[in-house]
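If you're matching positions, the sequence shown starts at 18 in my numbering and goes up one per residue.
In what follows, a single structure is set out as structure tokens and then discussed.
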Amino acid sequence: MLRYLVTAIGHLVFSEVSQALRSTKMSDGEIVLLTWSDYVGFMRCRGVPRDQIESRMAYGLGWAVAGQAQTPFADLAPNPWGPMLEVRQVPVPNTKTRIDIWEDAPPFHFYLCDSKTNDGENWDCCTRGFYKNALAAFKAETGLDFLAAFEHEFMLLDDPISPAQSFTIETMRNVAKFTQDVTKALHQADVGLETVEPEFGVHQYEITSAPAVGIEAAERAIITREVIRECARRLGYRATFTPKVEPDGIGNGAHVHFSFLDGAGNNATYDPKQPHNASVVAQQFIAGVTRHLPAICALTSPSPVSYLRLGPHHWACGYASFGVQNREASIRICPSPDQDPKRAAKAFNLELRAPDATASPYLVLGALVMAGLQGIKENLPLPKPVDVDPADLTDVQRQELGIKPLPSSLAEALDLMDADPVVKSWMSPTMYESYVSVKRTEIAIAKDLSDAEICARYARVY
Ligand code: GLU
Ligand code: MG
18 MLRYLVTAIG
28 HLVFSEVSQA
38 LRSTKMSDGE
48 IVLLTWSDYV
58 GFMRCRGVPR
68 DQIESRMAYG
78 LGWAVAGQAQ
88 TPFADLAPNP
98 WGPMLEVRQV
108 PVPNTKTRID
118 IWEDAPPFHF
128 YLCDSKTNDG
138 ENWDCCTRGF
148 YKNALAAFKA
158 ETGLDFLAAF
168 EHEFMLLDDP
178 ISPAQSFTIE
188 TMRNVAKFTQ
198 DVTKALHQAD
208 VGLETVEPEF
218 GVHQYEITSA
228 PAVGIEAAER
238 AIITREVIRE
248 CARRLGYRAT
258 FTPKVEPDGI
268 GNGAHVHFSF
278 LDGAGNNATY
288 DPKQPHNASV
298 VAQQFIAGVT
308 RHLPAICALT
318 SPSPVSYLRL
328 GPHHWACGYA
338 SFGVQNREAS
348 IRICPSPDQD
358 PKRAAKAFNL
368 ELRAPDATAS
378 PYLVLGALVM
388 AGLQGIKENL
398 PLPKPVDVDP
408 ADLTDVQRQE
418 LGIKPLPSSL
428 AEALDLMDAD
438 PVVKSWMSPT
448 MYESYVSVKR
458 TEIAIAKDLS
468 DAEICARYAR
478 VY
């Protein structure tokens, strides 16, 4: 009897222990995504159960390098990579984002990654690395930090509520649950939400991020877009950031506001003693961007559908031009209305209007910084400002102002990039060739499609 009791107790203890063990192994099903921005601006990802993330922080997860040759449509562009080559997608600890505002879905939990070789070196085709290199070069040359913020224009597809008029309260209140979720989620993600508003187009909205220094500006853009997509998804909408939903519709831009910070935290783009209050370094930067913009469109407006948006007469810029306040200029000075000189100095900034969200924010900002830096290195003079739509000028007037057209197709943009050795020099030969190969494949895919079909295909995936 005693023996029986001891055995029974033994069983009890054993089964309790094993249950306890089992329960520590129980998973709530939460997946942590390791995610990275590729050439086509997609956030590709791999996931691990939450309880395994710690063990993945140092070396991340492997990823076949050939994956970088993917177009947005599951086609693989010709590429130099075989089946053996891998990079490590290594999570960057301070990009951890975990949003748990939904009762009917697990938290949205992810890290942005650096792509590293197996030796722990930065991979020369990593888009994040491209921007980090640009920031380092800018800092080394100027001693300044780069501050930037994106404006995100997008449309809510599958919105069952018939749209109201542009910019109205009704348009806003029709999607009040969505904007509430976005606001809560971006607050939890701590990525500097600035404004949430209706835009000009049907079902079009705009959310702007607050400026951030260095790499964080790109991270904020990426996280903000993915959070917007997720909030839309949960409510049965689809948020699309595609540059054009339909050929004659309103475009979605991804304008970038930026300025520079000196060591004391002052705005180094501002100088009230200079023309238009733009410091000498800002003037040179503007000149560099204006000169290289036709070529860097291949990085900032990098899809066939980008060229259905880019163009004059609808504030999406058709020319490489500079203006003060002018929304038809591709790069413009945005003065502050603040009467307080200190606050006005702080708020003064520049805006690049060409980019759209088919581009990786890392490539947009990297190209912008490198183009501007070139202007600084060469002491280029500030271009003459234009205060009308450059498309309304004559050819002669544009020539006098040094205004060149932006490319009218991705193929033209790639040719212009190929003819610009400065731009090519920012990328390793492998990055340049593989990037161009992906983009040429995208052109081939779109070749026989009508503009409407191109819009529809891109709206489905961006
Ligand atoms: N939607 C326009 C674009 O495609 C911009 C309108 C605006 O200035 O906000 O860039
Ligand atoms: Mg806008």
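We put the beta carbon where it would ideally sit given N, CA and C, even for glycine.
Everything numeric in this text was worked out from a predicted model, so none of it was measured.
I'd like the list of long-range same chain contacts for residue i, defined as Cβ closer than 6 Å, with 5 residues on each side in sequence excluded.
i    : result
L38  : Note on L38: pLDDT 46, under 50, position unreliable in the model; no value is reported.
A361 : S353 and D355
F155 : F163, V386 and L390
Y1   : Summary: the structure shown does not reach residue 1, with the chain confined to residues 18 through 479, and so no result is reported for it.
F184 : P215
S318 : L327, A371 and D373
V49  : V65, R67, I70 and H126
I240 : T114, A206 and V208
If the criterion is Cβ atoms closer than 8 Å, does the pair residue i and residue j meet it?
i    : j    : result
D437 : A295 : no
W53  : Q106 : yes
E158 : I303 : no
F125 : E247 : yes
G209 : A193 : no
Q69  : C142 : no
Y379 : R145 : yes
P327 : A371 : One detail in the question is off: residue 327 reads as Leu in this sequence, not Pro. Going by C-beta atoms, L327 is nearer than 8 Å to A371.
L310 : V244 : no
E223 : E138 : no
A299 : A430 : no
T225 : V322 : no
I267 : F217 : yes
K261 : C472 : yes
A234 : L382 : yes
A165 : F275 : yes
G160 : G282 : no
Suppose you measure from the CA of residue i to the CA of residue j; what does that come to, to the nearest Å?
i    : j    : result
G270 : M43  : 45 Å
H272 : C351 : 12 Å
M101 : W140 : 15 Å
A376 : I186 : 31 Å
R63  : T196 : 28 Å
A333 : A75  : 42 Å
G335 : D45  : 51 Å
L367 : L399 : 13 Å
F59  : Y475 : 12 Å
P95  : V455 : 8 Å
V478 : F90  : 8 Å
P424 : Y324 : 8 Å
P264 : S467 : 10 Å
S40  : L152 : Low confidence applies here, because S40 scores a pLDDT of 49, under 50, leaving its location unreliable and the question unanswered by this model.
S320 : T458 : 11 Å
R242 : D465 : 30 Å
A249 : T257 : 10 Å
P123 : E47  : 6 Å
E211 : G99  : 44 Å
M448 : K149 : 15 Å
R237 : V199 : 14 Å
L369 : D121 : 39 Å
With which residues is residue i paired in a DSSP beta bridge?
i    : result
Y128 : L51
E103 : A81
S276 : L164
M448 : Bridge partners of M448: none, in fact.
K133 : R105 and N139
Q87  : L93
N269 : In DSSP, N269 forms no bridge with anything.
A362 : In DSSP, A362 forms no bridge with anything.
Can you name, in chain order, every residue of its own chain whose Cβ lies under 8 Å from the Cβ of residue i, other than the five neighbours on each side?
i    : result
E103 : G79, W80, A81, V82 and N135
D435 : K441 and V453
L410 : V403, L418 and I420
H220 : M172, L173, L174, D176 and P180
P407 : P329, G335, Y336, S338, E345, A346, R415, L418 and I420
S445 : D141 and C142
P97  : T447, E450 and S451
D55  : R61, G84, Q85, Q87, T144 and S377
With a threshold of 7 Å on Cβ separation, who are the neighbours of residue i within its own chain once the five nearest residues in sequence on each side are excluded?
i    : result
G305 : A388, G389, L390, Q391, G392, I393 and L397
K201 : I118
L93  : A83, A86 and Q87
I460 : P321, L427 and A428
I232 : Y148, K149 and L152
V439 : H309 and Q391
I462 : T88, F90 and D92
E33  : In this prediction, E33 has a pLDDT of 43, which is less than 50 and means its spatial position is unreliable; what the coordinates show is noted afterwards. So no residue of the chain qualifies.
Y287 : N294, S296, A362 and F365
Of all Cβ atoms in chain C, is any one closer than 8 Å to the Cβ of residue i?
i    : result
Q182 : Of the chains in the structure shown, none is chain C; there is only one protein chain.
Please indicate yes or no: does the CB of residue i lie closer than 7 Å to some heavy atom of the ligand HEM?
i    : result
Q197 : The ligand HEM is absent from the structure shown, which contains only the ligand GLU and the ligand MG.
### Query
Pick out every residue whose C-beta is nearer than 6 Å to a heavy atom of the ligand MG: which are they, in chain order?
That query returns the following residues: E168, E170, E216 and E223.
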